[in-house]
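In my numbering, the protein residues as written are 1 to 261. Even glycine gets a Cβ: it sits at the ideal position worked out from N, Cα and C. Encoded as structure tokens, the structure appears first; notes follow it.
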């Protein structure tokens, strides 16, 4: 079974596929976050191939990405995203400040307390941290079909959603992130924003996406091929997947209030 560290490093194995297939984030989420910022200068933590960065750039933000995987960063740069190579905990701000610190689908790889502290150091007054994840919210019928394929071909694969409670992927991410923000002592009480949406995939599109999910592309090739074959057998021509995008967010406490405390 792959370790979390191996899974974290695995996404760059096929960065182009990741960029091509991974779901984007709802426009309503991007709009709400940008509306809550005091300005439009944003730091994107774990920018990957720049999926979130490009959405925030399209909303009028100037975005700098921080990404530890050069393979992922290379794709982001081809899309015009400025990226610096580092883990967020070790990244050097060099005096730069930002109106928002965002992280799409990545904060669970960051130390939650050290990450929140680093975010606080680079945020301007009134700045906001916004950490978000797309969580599967599938229909019972879709769960049953996909669970059948996973049980047959990859029963021990970690992080698969199929057959688990609907809250299993989202709530631990929020709880861990919110706890780190609180423990940093630098932010107002974290909030949880939720955005429900859905996307319809063709069979080919879904099968193209599957290997980018955590741990899938570390399966032996014959096991991954067997899983894709089983999935193809249970899929119709199209499949509609429900999502919930969860945002853990908080505003920086002004320095004068920290000093008075």
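For residue 118, would you say it is in contact with chain B, using Cβ-to-Cβ distances shorter than 8 Å as the test? Annotation note: the requested chain B is absent from the structure, which comprises a single protein chain.
For residue 188, which three-state DSSP category applies? Looking at residue 188 - three-state DSSP - the assignment turns out to be coil, as it is neither helix nor strand.
Looking at the structure shown, is residue 89 part of a helix, part of a strand, or coil, going by DSSP? Helix at residue 89.
Between residue 115 and residue 69, is the Cβ-Cβ spacing less than 8 Å? No. Outside cutoff.
By the DSSP assignment, the beta strand (DSSP E) with residue 149 in it spans what residues? Run containing residue 149: none in the beta strand (DSSP E); it sits in the alpha helix (DSSP H), 140-153.
Which runs of the alpha helix (DSSP H) fall wholly inside the segment 19-69 and span at least 4 residues, in chain order? Counting only runs of 4 or more residues that sit fully inside the segment 19-69, the alpha helix (DSSP H) segments are 27-35 and 51-58, in chain order.
For residue 163, count the other beta carbons within 10 Å of its own beta carbon; 16 or more makes it buried, fewer makes it exposed. Which is it? Only weak support exists for where residue 163 lies, its pLDDT of 48 falling under 50; the value from the coordinates is given anyway. Exposed is the call here.
Please state whether DSSP places residue 210 in a helix, a strand or coil. Of the three classes helix, strand and coil, the one that applies to residue 210 here is helix, per DSSP.
Residue 121: first and last residue of the uninterrupted alpha helix (DSSP H) it sits in: Note, residue 121: alpha helix (DSSP H), 112-122.
Span of the beta strand (DSSP E) holding residue 239? Per DSSP, the continuous beta strand (DSSP E) segment holding residue 239 begins and ends at 238-251.
If I measure Cβ to Cβ from residue 47 and keep anything under 7 Å in the same chain, skipping five residues before and after, which residues do I get? Within the same chain, residue 47 has close Cβ partners 53, 65, 66, 67, 76, 81 and 83.
Cα separation between residue 88 and residue 105? Between the alpha carbons of residue 88 and residue 105 lies a gap of roughly 14 Å.
So does the segment 24-31 actually touch the segment 217-224, counting three or more Cβ pairs closer than 8 Å? Flag = no, the segment 24-31 and the segment 217-224 do not touch.
Through-space distance from residue 228 to residue 203, alpha-carbon basis: Using only the alpha carbons, I get a separation of about 10 Å.
Would you say residue 110 and residue 45 are within 8 Å of each other, going by their C-beta atoms? Cβ distance < 8 Å, so residue 110 and residue 45 count as in contact.
Expressed to the nearest angstrom, what Euclidean distance is found between the alpha-carbon atoms of residue 197 and residue 215? Approximately 25 Å, taken between the alpha carbons.
What does residue 107 pair with, by DSSP beta-bridge criteria? Residue 107 pairs with nothing; no bridge assigned.
Following the continuous alpha helix (DSSP H) through residue 234, name the residue where it begins and the one where it ends. Start and end: 221-234.
Residue 212 and residue 17 look like a contact to me (Cβ under 8 Å); what is the Cβ gap, rounded to whole Å? Taking C-beta atoms under 8 Å as the contact rule, residue 212 and residue 17 qualify, at a distance of about 6 Å.
With a Cβ-Cβ cutoff of 8 Å, do residue 189 and residue 250 count as a contact? Closer than 8 Å, so yes.
Could you give the C-beta distance for residue 178 and residue 248, rounded to a whole number, given that I count them as a contact under 8 Å? About 5 Å separates the two Cβ atoms, so the contact holds.
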